[in-house]
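A.B. asks: First the structure, then my questions, so here it is.
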Ligand code: KIV
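Residue numbers (this note's numbering): 5 to 331.
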């Protein structure tokens with residue numbers, strides 16, 4: 005797959021080659037993403053929704069994000085791993101922000117962090133970059149705070165206090181030293197203007213084709229999450245494939261078609277004969293026979309009936325409780 009992607013290689017792709025980014029949160033899918041040749045794996049705080057079932061990205065904690073980040077970092081060989089700073093991990097103080105960003109680098113083994121916010125977080129991005137941590141910005145729709153204000157709306161539709169603010173935000177984040185910036189749900193026109201104005205790459209999500217790269221939430225593009233926004237292209241419908249596989253598995257188990265002979269392990273025939281001759285095996289058999297006999301005598305011995313099964317199970321449990329299994 006070639007050498008490991010670095011901040012320098014991402015910045016050098018601007019104007020030459022589109023940057024391909026996708027989210028992942030666990031070892032197995034991150035491994036697939038890495039092998040597929042994506043440039044950036046974003047451990048997005050979208051994990052709050054698609055992995056943990058929260059209604060928004062706001063509740064996810066540093067501890068939860070670190071678990072995902074560590075798993076993804078273990079998987080990657082080629083891609084750059086960017087960890088999303090969750091809500092409240094950089095809002096209170098610079099010390100907090102630096103401490104949490106450092107945790108992603110040191111404990112999570114991430115290559116960079118992402119910070120949601122424009123001008124108001126310029127000083128935070130600056131402090132992180134000064135501390136040697138590469139930062140990806142994120143402006144436009146900001147899912148951590150959008151539900152508290154205007155909701156999930158396309159940004160940059162009007163000039164005043166919208167498109168002009170976005171451009172100022174993008175410039176501020178570039179000035180602060182970010183190496184790239186995500187533009188989420190920004191109109192094509194504004195995204196194009198920002199992309200040509202900045203010297204760092206823009207990575208769009210729902211912001212049209214003029215961005216220097218694209219990012220999608222893995223669960224959206226693979227059809228794993230119930231809801232997906234209009235800007236998502238679904239490359240697969242994994243929900244149906246998984247549901248179909250599970251239905252067939254269930255049918256196979258219920259109808260004793262699984263496990264088959266090819267999934268079964270056997271003892272050597274001689275060893276089996278020896279086992280049958282041991283007192284443990286004989287004891288188990290004779291206890292079962294005795295229990296069956298007792299039940300028959302009590303008039304409950306319907307073969308295959310509920311009472312018989314419960315009775316035999318009870319006998320075994322009683323033996324285990326008494327330590328008989330190990331004696
Ligand atoms: O959390 C996330 O997945 C993101 C992307 C939508 C850019 O921030």
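Don't be surprised by glycine CBs; every beta carbon is placed ideally from N, CA and C. Since the structure is predicted, the reported quantities are computational estimates derived from the model, not experimental observations.
Please name the residue in 132, 244 and 41 whose C-alpha comes closest to that of residue 107.
C.D. replies: 132
A.B. asks: Rounded to whole angstroms, what is the Cα-Cα separation between residue 263 and residue 269?
C.D. replies: 11 Å
A.B. asks: Pop quiz: residue 195 and residue 214 are said to be a contact at Cβ under 8 Å. What is the actual Cβ separation, rounded to whole angstroms?
C.D. replies: 6 Å
A.B. asks: So is the beta-carbon of residue 46 under 8 Å away from any non-hydrogen atom of ligand 1?
C.D. replies: For ligand 1, at least one heavy atom lies less than 8 Å from the Cβ of residue 46.
A.B. asks: Can you list the alpha helix (DSSP H) stretches of 4 or more residues lying completely in the stretch 67-141, in chain order?
C.D. replies: Fully enclosed alpha helix (DSSP H) runs of 4 or longer: 98-110 and 126-134.
A.B. asks: Note down the Cα distance separating residue 68 from residue 80, rounded to an integer number of angstroms.
C.D. replies: The alpha-carbon atoms of residue 68 and residue 80 are separated by roughly 19 Å.
A.B. asks: Taking just the CA atoms, how far does residue 185 sit from residue 342?
C.D. replies: Nothing in the structure corresponds to residue 342, since the chain is present only between 5 and 331.
A.B. asks: Can you look up residue 175 in the DSSP assignment and give me helix, strand or coil?
C.D. replies: helix
A.B. asks: Just the Cα atoms here: how many angstroms apart are residue 16 and residue 134?
C.D. replies: 21 Å
A.B. asks: Classify residue 19: buried if its beta carbon has 16 or more other beta carbons within 10 angstroms, exposed otherwise.
C.D. replies: exposed
A.B. asks: With a threshold of 8 Å (Cβ to nearest heavy atom), would residue 98 be considered close to ligand 1?
C.D. replies: No; taking the cut-off as 8 Å, the Cβ of residue 98 has no heavy atom of ligand 1 nearer than that.
A.B. asks: Please classify residue 41 as buried or exposed, where buried requires at least 16 neighbouring CB atoms within 10 angstroms.
C.D. replies: It is exposed - the Cβ of residue 41 has fewer than 16 other Cβ atoms within 10 Å.
A.B. asks: Are there any heavy atoms of ligand 1 lying less than 8 Å away from the beta-carbon of residue 142, as far as the coordinates show?
C.D. replies: yes
A.B. asks: How about residue 159 and residue 188: do their beta carbons lie closer than 9 Å?
C.D. replies: yes
A.B. asks: Restricting to runs no shorter than 4 residues, where is the alpha helix (DSSP H) found entirely within the stretch 180-245?
C.D. replies: 192-201 and 222-225
A.B. asks: Closest Cβ-Cβ distance between residue 279 and chain D: below 9 Å?
C.D. replies: Annotation note: the requested chain D is absent from the structure, which comprises a single protein chain.
A.B. asks: Consult DSSP for residue 15 and reduce its assignment to one of helix, strand or coil.
C.D. replies: helix
A.B. asks: By alpha-carbon positions, which one of 66, 223, 285 and 46 ends up nearest to residue 240?
C.D. replies: 223
A.B. asks: How is residue 247 classed by DSSP in three states: helix, strand or coil?
C.D. replies: helix
A.B. asks: Any heavy atom of ligand 1 closer than 8 Å to the beta-carbon of residue 186?
C.D. replies: yes
A.B. asks: Whole angstroms are fine: how far does the CA of residue 266 sit from the CA of residue 177?
C.D. replies: C-alpha of residue 177 to C-alpha of residue 266: approximately 59 Å in a straight line.
A.B. asks: So, are the CB atoms of residue 216 and residue 22 less than 9 Å apart?
C.D. replies: Going by C-beta atoms, residue 216 is nearer than 9 Å to residue 22.
A.B. asks: Looking only at DSSP bridge pairs, what is residue 45 linked to?
C.D. replies: 26 and 85
A.B. asks: Between the stretch 115-128 and the stretch 85-94, do at least 3 Cβ pairs fall closer than 8 Å?
C.D. replies: yes
A.B. asks: Helix, strand or coil: how does DSSP classify residue 352 here?
C.D. replies: Residue numbering for the chain in the displayed model covers 5 to 331; residue 352 lies beyond these limits and cannot be assessed.
A.B. asks: What's the gap between the Cα of residue 179 and the Cα of residue 12?
C.D. replies: 17 Å
A.B. asks: My guess is that residue 38 and residue 83 are in contact by the Cβ rule of under 8 Å, so how many angstroms apart are they, rounded?
C.D. replies: 5 Å
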